Each structure stands twice: as structure tokens, then as C-alpha cells.
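Novice: Okay, handing you the structure first.
Chains as they are written, first to last, in the working numbering: chain W, 1 to 295; chain S, 1001 to 1295.
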């Protein structure tokens, strides 16, 4: 079901331009560069105060978060039927929103989207765009080379203990899936060391480093893996789990041996930098097929 | 099944003395006082370097952690057939253990017990004592007044949102049960804010306070509940979840409205102090029947 959602079957360049709504971080321009290299026509739509100025290296427009009417008009004018959402967008403070009439008339739907977890919000927002007749496409369709594939991406292949810990982590995170919470956990020697909820992966890794330093987690030498997968039913078109240099720095501080992710469902941000850092610090990144239980 | 395990059916005073192996903290003497008040004959067995000197207010002996042979001989000499384990015992550093021959000959079983999570360790240790013909009894049998009963223990009754969040937390923790990890979570407005793993409840509450302070968890005023239940299959004779003044201080710093626990399965440490603090800070403590899925 996820594969269908992600629109992998769609040839990227045969259906006209894709508008890429850009959140913060360097990821929107990575996707833009990769999509352009694949011959995909794109228009970056930067969220003012959120996306960085580097998006202006590509065809672009700027809108305020909340200017929904303006955005829909822009896409109509340009005859753009497909849209992608890329980059970080923190749960917005309502006072930061600049609602235009296009947004205000959709307020009941927006309000409904804001009750519950992150996944719920994203799905609600997505439905708003689909209701306008737009097709929402994912990074896996626009720039598949940015995902972790199956197999060893970098480093020395994980040993049996690490592979077992990755599988254990997959089981833990799959059990958490119905509750729309964290996508990551740290497992070491068959034991759950940390589970992510609202704090995010980086803060979770800092906690693991602190547990080690305080002796609360007693272990000698490097041990344990970071495991990251999408949640069950998570819409990969708007919410791909990601790892990057910051993640790996956190893994090193936590004394982990590597990272195990669901193959084809997790992004690598700043790929070159990430791979170099992994090699320098002897960390592996392993993609493992995750049994889909979405259907 | 837990009720049977806990030996609630056994009259506390009709079967001779109970040896109470004492870990750290003030809890062993609370249990000793309550058991004594109920007419139960007891012998406190302090773990050297771990239990506090206040245990000497009761009939007592001292042993080193690891002096298993010595402990078994002591119980035999005194004709004590029942034993309880009370107080905190961190995952011991193997170099702190003083193994006697009674322990060394059981090393294969002890080593087996140490692979896996906390629950696994405790069960393994428990089996060692049962293999010696001892009956292991729980605090719920020795001092039931120290547990949170069903209903409102203190504070203003939780509203519908808080009750829903408690039930949601029960569901989250029940889903985590097979993985022998945390017993606690923080839920607010149908959203999982934090899940406990190796860091413990107090550290989890500090994290929630930090998430609020940093604006990563955006919420106005007091909201959210701490939920705490035993794990599925957790042996309440050796591992009762507990709350106390420190827990409530953490709840106040995290801006929560109260605490929901599994009725009859969670201890209150320093009860009077806990209740006073709860009243002063307008926190509720609510016991709610947890559906048992152990059998």
C-alpha cells in the first residue's frame, strides 16, 4: 500500500511540473537537484521564514505558511497538478500562521487535523490538498536515490547481535505503531535502552549517551543500534523518516555500533557527508526489508 | 494470575517469619513497620553497601550481595521459609559482587538471568530462590496498605480528557509489554509525549519538562498525565512499580495534571509526604483497574 501511495509507478517527468513546498534545512535543494537531474520540471515554493534562501537557485516562489488560497491560485496559474512537501516543519505555533481566506474557509478541516499526533496532522493537511484536486507525490518518487536501499549502505556489516537488535527494534516500533508516536529506538544486547516519542531522535540519542556516562546503562565498549522505521500507515509522501550527519554524531556519542533502517523507507540527508562520517567513525548503516503490515 | 503469584490468599502471619531482603531507600522500613503492625514476624536482611542503617531498628542481619550460600544457611538456621525482596537494587556491577560458594555453584543460572531486560533478571533470581524451597512473597501480601487502591487516592477527580489519556497510556504500555521495557509514559491530549525505557520515570519526567521549556511540546497551562502500570507478566513479588514524592515533583515540573496507575499494582513510597505534596500542588492520583492479560 505504501508503494502505491508513494506513486513509484508514476514516471517522474511525464506529468508536467511538480511544486515542491519547502520547509527548513538543506533537504529541499537536495531533492530539487536530484529531481532536476532526472529531467523533472519543478517549482520550489518556499515557506517564508522557514525555508532557506538557497532555494532561490531553482525556479521558485515564496508564500507564508497559511496562505493556502494564494498557493492554490499560484498552482492553478502555472497549471501544476502535482505537489510535494519537503524539509522540516515544526508543529507550527498558531500565532505564526498568516491565514488567508483560502485557509480560513478550510479552518474546520485544519482544526480537525490538529487534534492528535503528528501523523494525524500530516494526513489532515494532505487531505486538504487532495480535496483541491492535487496529486501529492513523495520524495521516493522524485528522488529515490536519496533513500537507504536494502543491504549495507556503509561500514562493516553488522554482526549477529546487531542484526538481532535491529530486528528486535523493528518489533518494538511496530508494536508502537498504532499510537502515532516515535519512529526510533535504541536497542543493545536484546534490551530496549530508549524509545523516541515527542523529543525526537537526536534528543533520544543524547539521552542514551547520558545513560552511559552516568553508569545507568552499564556496558563496555561500543554496543547497541539505532533503529528507525516509518510508523504503520505513515504516509511516506509527507513524512519520511530521515537520518543524517547529526544522527550519526549522536550515535557516536551514544557509543552505538550502527544504524538499522527500513529499506527504501528512510532518507539520508546530506548523503556524502553522512557516508564520510560513517566511514571515519566505523558506523554501519544497514537497510533491512520491513514486513509491511499496512494492508 | 498475578493475584495468585502475589500470594494475596495467604494469611500474612500464619506461616512463620518472613525474611525481607533490603535494597536501598526508605521503603524496606515502611514495609517492615506495616508488616509488624499487622502481626507479621519479620527478619530484615540488609545488603551491605546498599541498604541503609535504619533497617537496624528491626530484627536484622547483614549480607553481601552475592553471598547466596550464607543467606540460605541463615534462613535455614532460623527456620524461615518465606522471603521478600524490597527496595531499590540497580543492575549490579559484576565487580561489586562478592560471590560465595553458594553463589558460584549457581553461576550458570545467574548468568542466564542476566541476559535480557530487567524483568528477565528478576525472574531468574526468583527462580533461584524458589529452587531452594523458599516461597517468595510480595509487598502486596506483607503490606497491602502501601499500594494505590482503585479510585481517587488524592486530589480533584480527573476530567474526561485526563481519564482518556490514562486509558490511552494503559494501551501504549500494554503494547510495549512483550519487550520488557518501561512501565511509564506521559500522555497529553491523546498524544504520546514520552515513553520510559532504561532512563527511569524521573528522567522521563525531566525530559517532558524540558520539552515544554524548549517549546518542542507546545501546550498552554497544565496538561497531561503520568501513567504507570506493571508490565504484562511482571512478577509483582519482586518488582512493583512505584510512585513517591520525587515522582510528583517531576510531574509538577512537567506541568502535568496528575497520575494514573493500575489499581492494586503500584506502590506509594513515603505515603504521607506524597499525599501532602499532591494536595499542595493540586495533582491527582487515580487508581484504575487494569485489564489483566497475563493469563
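Glycine residues also receive a C-beta, built at the ideal position from the N, C-alpha and C atoms. Since the model is a prediction, treat every value here as computed from it, not as a measurement.
Under 8 Å between beta-carbons, which chain W residues line up against residue 1207(S)? List them in chain order, please.
Specialist: Numbered from its first residue, the second chain carries residue 1207(S) at position 207. The contacting residues are 199, 203 and 207.
Novice: Let me confirm a value: residue 156(W) is counted as buried when at least 16 other C-beta atoms fall within 10 Å, else exposed. Which label applies?
Specialist: The residue you call residue 156(W) lines up with position 156 of the first chain. Looking at its Cβ environment, which holds fewer than 16 other Cβ atoms inside 10 Å, residue 156(W) is exposed.
Novice: Given this structure, state the Cα-to-Cα distance separating residue 1177(S) from residue 1263(S), to the nearest angstrom.
Specialist: Residue 1177(S) sits at position 177 when you count from the first residue of the second chain. Residue 1263(S) sits at position 263 when you count from the first residue of the second chain. If you take the alpha carbons of residue 1177(S) and residue 1263(S), they lie about 17 Å apart.
Novice: Can you check whether the C-beta of residue 1294(S) is within less than 9 Å of a C-beta belonging to chain W?
Specialist: For the purposes of this step, residue 1294(S) is taken as the residue at position 294 of the second chain. In this prediction, residue 1294(S) scores a pLDDT of 44, lower than 50, which makes its location untrustworthy; the coordinate-derived value is nonetheless stated afterwards. False, the Cβ-Cβ gap to chain W never drops below 9 Å.
Novice: Answer yes or no: does any C-beta atom of chain W fall closer than 9 Å to that of residue 1180(S)?
Specialist: As a position in the second chain, residue 1180(S) is number 180, starting the count at 1. It does: the Cβ of residue 1180(S) has a partner Cβ on chain W nearer than 9 Å.
Novice: Anything in chain W within Cβ reach of residue 1229(S), meaning under 8 Å, just list it in chain order.
Specialist: Counting from 1 along the second chain, the entry for residue 1229(S) is found at position 229. The contacting residues do not exist; residue 1229(S) stays about 15 Å from chain W at best.
Novice: For residue 1058(S), list the residues DSSP reports as bridge partners.
Specialist: Along the second chain, read from residue 1 onward, the residue named residue 1058(S) stands at position 58. Paired residues: none, contrary to the question.
Novice: For the alpha helix (DSSP H) that residue 1072(S) lies in, which residues bound it at each end?
Specialist: Along the second chain, read from residue 1 onward, the residue named residue 1072(S) stands at position 72. Start and end: 1068-1077.
Novice: With a threshold of 9 Å between beta carbons, is residue 1068(S) in contact with chain W?
Specialist: Reading the second chain from its first residue, position 68 is the one you call residue 1068(S). Chain W, which has no Cβ nearer than 9 Å to the Cβ of residue 1068(S), makes this no.
Novice: By Cβ distance, which residues of its chain are closer than 6 Å to residue 253(W), with the 5 residues on each side in sequence left out?
Specialist: For the purposes of this step, residue 253(W) is taken as residue 253 along the first chain, with counting starting at 1. Excluding residues within five positions, the ones whose Cβ falls inside 6 Å are 209.
Novice: Taking 9 Å as the cut-off, decide whether the C-beta atoms of residue 51(W) and residue 42(W) are in contact.
Specialist: Sequence index remark: in the first chain, residue 51(W) carries index 51 (1-based). Sequence index remark: in the first chain, residue 42(W) carries index 42 (1-based). Not a contact, by the Cβ cut-off of 9 Å.
Novice: Looking only at its chain, what residues have a beta carbon closer than 6 Å to the beta carbon of residue 100(W), apart from the 5 residues adjacent to it on each side?
Specialist: Here residue 100(W) refers to the residue found at position 100 when the first chain is read from its first residue. Excluding positions up to five away in sequence, the list reads 67, 69 and 70.
Novice: May I ask which residues mark the beginning and end of the alpha helix (DSSP H) holding residue 249(W)?
Specialist: As a first step, residue 249(W) must be located in the first chain, where it is residue number 249. Where residue 249(W) is concerned, the enclosing alpha helix (DSSP H) stretches over 245-253.
Novice: DSSP puts residue 24(W) in a beta bridge; with which residues?
Specialist: Reading the first chain from its first residue, position 24 is the one you call residue 24(W). Per DSSP, 88(W).
Novice: Fully enclosed by the segment 132-201 of chain W, which alpha helix (DSSP H) runs are 4 residues long or longer?
Specialist: Here the runs fully enclosed are 139-142 and 160-176.
Novice: Verify whether the separation of the beta carbon atoms of residue 1198(S) and residue 1185(S) is less than 9 Å.
Specialist: In the second chain, the residue the question calls residue 1198(S) occupies position 198. In the second chain, the residue the question calls residue 1185(S) occupies position 185. Contact: no.
Novice: For residue 62(W), which residues in the same chain have their Cβ closer than 6 Å to its Cβ, ignoring the five residues on either side in sequence?
Specialist: The count along the first chain starts at 1 and reaches residue 62(W) at position 62. Once the five neighbours on either side are set aside, the close Cβ partners of residue 62(W) are 46 and 48.
Novice: Residues of the segment 1157-1183 of chain S with a CB closer than 8 Å to any CB of chain W: list them in chain order, please.
Specialist: Listed by position, the residues of the segment 1157-1183 of chain S near chain W (Cβ gap below 8 Å) are 1168, 1171, 1172, 1175, 1176, 1178, 1179, 1180, 1181 and 1182.
Novice: Chain S beta carbons: is any one of them nearer than 9 Å to that of residue 192(W)?
Specialist: The residue you call residue 192(W) lines up with position 192 of the first chain. So, interface residue.
Novice: Among all the DSSP beta bridges, which residues are the ones paired with residue 288(W)?
Specialist: Along the first chain, read from residue 1 onward, the residue named residue 288(W) stands at position 288. Its beta-bridge partners are 262(W).
Novice: So, is the C-beta of residue 1211(S) closer than 9 Å to a C-beta in chain W?
Specialist: Here residue 1211(S) refers to the residue found at position 211 when the second chain is read from its first residue. Yes, residue 1211(S) lies at the interface with chain W (some Cβ there is under 9 Å from its Cβ).
Novice: Counting only the same chain and skipping the five closest in sequence on each side, list residues whose C-beta sits under 8 Å from that of residue 82(W).
Specialist: As a position in the first chain, residue 82(W) is number 82, starting the count at 1. These residues qualify, in order along the chain: 15, 16, 17, 18, 19, 134, 135, 136 and 137.
Novice: Roughly how many angstroms lie between the CA atoms of residue 206(W) and residue 163(W), to the nearest whole one?
Specialist: By one-based count along the first chain, residue 206(W) stands at place 206. By one-based count along the first chain, residue 163(W) stands at place 163. Using only the alpha carbons, I get a separation of about 23 Å.
Novice: Tell me where the alpha helix (DSSP H) around residue 275(W) begins and ends.
Specialist: Taking the first residue of the first chain as 1, we reach residue 275(W) at position 275. 271-280 is the span of the alpha helix (DSSP H), which, as asked, contains residue 275(W).
Novice: Tell me where the beta strand (DSSP E) around residue 1257(S) begins and ends.
Specialist: Within the second chain, numbered from 1, the residue matching residue 1257(S) stands at position 257. Here residue 1257(S) belongs to no beta strand (DSSP E), and DSSP marks it neither H nor E.
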